[in-house]
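Numbering (our numbering), first residue to last: 41 to 341.
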């Protein structure tokens with residue numbers, strides 16, 4: 041009798057476990073990630089979905105934008121965002137490790153991982169995949185760190201001394217940047233020059249080579265002609281992107297059939313699926329960008 045009771049108990053537990061797993065699989069196929077929402081998002085318990093966190097969503101996007109410039113380390117990025125108010129859900133400053141995990145999480149460009157398999161999510165992306173890829177490039181470069189930072193001396197390396205031909209160096213004194221001759225060839229009478237003065241000189245030179253009003257009108261007229269003749273090619277470009285998206289979706293369907301038929305292994309399926317989903321995201325973002333630019337041009341005209 042005891043064995044029967046144990047058997048029924050095990051059957052109940054196994055059945056419950058399988059039902060939970062089945063529910064999770066159905067959820068991820070609908071594009072819904074389970075569990076706690078990542079930083080920048082909230083769990084909407086009423087509607088059972090993940091939504092942007094109004095206070096932190098834009099700050100997470102800013103994190104990606106800053107890091108993508110290549111001018112900031114993970115620690116610098118974390119510190120700048122902390123100053124702007126980006127903290128964890130328990131109110132603590134993000135660790136460098138947290139920051140790195142955010143920058144590597146595909147959830148932010150509209151995908152999510154479940155059991156190491158990539159799925160397309162229904163949630164609102166915080167960034168484009170292009171920006172995500174740019175951050176990945178910066179991270180790869182920083183894997184072999186070099187000392188770098190923001191170049192605050194914008195004219196350094198662009199000039200030579202007009203008197204002796206030596207290089208120009210710069211330094212900061214009392215909050216201002218000054219440039220001077222290195223005087224490596226000996227005596228030179230040239231003195232320090234403040235960056236603001238150099239910037240004004242550069243601006244005057246640029247103004248001298250700017251287009252006149254007549255040329256500006258001529259160029260605008262030529263651009264209008266070119267835009268009028270490009271409508272047909274634009275339509276072809278949009279249709280080509282739509283065809284590529286459809287082709288990827290059909291390939292994903294065939295890939296799933298091959299996996300279900302055991303023609304390919306699970307590892308092959310996951311790797312190929314991830315590559316195809318990322319291709320689909322790339323094509324979709326190009327289409328959105330193109331349509332957005334087209335709408336902007338229509339508004340301007």
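Positions of the beta carbon are idealized from the N, C-alpha and C atoms, including for glycine.
- With a minimum length of 4 residues, the unbroken runs of alpha helix (DSSP H) contained wholly in the segment 267 to 340 fall at 271 to 300 and 306 to 340.
- Take residue 93, set aside five residues on each side of it, and the residues of its chain with a beta-carbon closer than 7 Å to its own are 80, 81 and 82, in chain order.
- In the DSSP assignment, residue 97 falls within the unbroken alpha helix (DSSP H) covering 97 to 108.
- Within the same chain, Cβ atoms closer than 8 Å to the Cβ of residue 228 are found at 201, 203, 204, 206 and 221, the five residues on either side in sequence being excluded.
- Residue 209 carries a strand assignment under DSSP once its states are collapsed to helix, strand and coil.
- Distance check between residue 173 and each of 279, 110 and 127 places 110 closest, using alpha-carbon atoms only.
- Within the segment 148 to 189, the runs of alpha helix (DSSP H) at least 4 residues long that lie entirely inside it are, in chain order, 169 to 182.
- Using a Cβ distance threshold of 7 Å, residue 118 and residue 136 count as a contacting pair.
- Partner residues in the beta bridge of residue 83, as assigned by DSSP, are 90.
- A distance below 7 Å separates the beta carbons of residue 295 and residue 312.
- Within the same chain, 304 come within 6 Å of residue 298 by CB-CB distance, once the 5 residues on both sides are set aside.
- Linking residue 124 to residue 105 through their CA atoms gives a straight-line distance of about 14 Å.
- Assigned with DSSP and collapsed to three states, residue 200 falls in strand.
- Contact between residue 89 and residue 72 is confirmed by a C-beta separation of about 6 Å, below the 8 Å threshold.
- In the three-state DSSP reduction, residue 194 falls in the coil class, being neither helix nor strand.
- Exposure of residue 156 is indicated by the presence of fewer than 16 other C-beta atoms within 10 angstroms of its C-beta.
- Between the C-alpha atoms of residue 242 and residue 256 there is a straight-line separation of about 22 Å.
- Taking a contact to require three or more Cβ pairs closer than 8 Å, the segment 276 to 287 and the segment 314 to 329 qualify as touching.
- Here residue 217 carries a strand assignment [DSSP, helix/strand/coil].
- As the crow flies, the alpha-carbon of residue 273 is around 28 Å from that of residue 167.
- One alpha carbon belongs to residue 196, the other to residue 238, and they sit about 11 Å apart.
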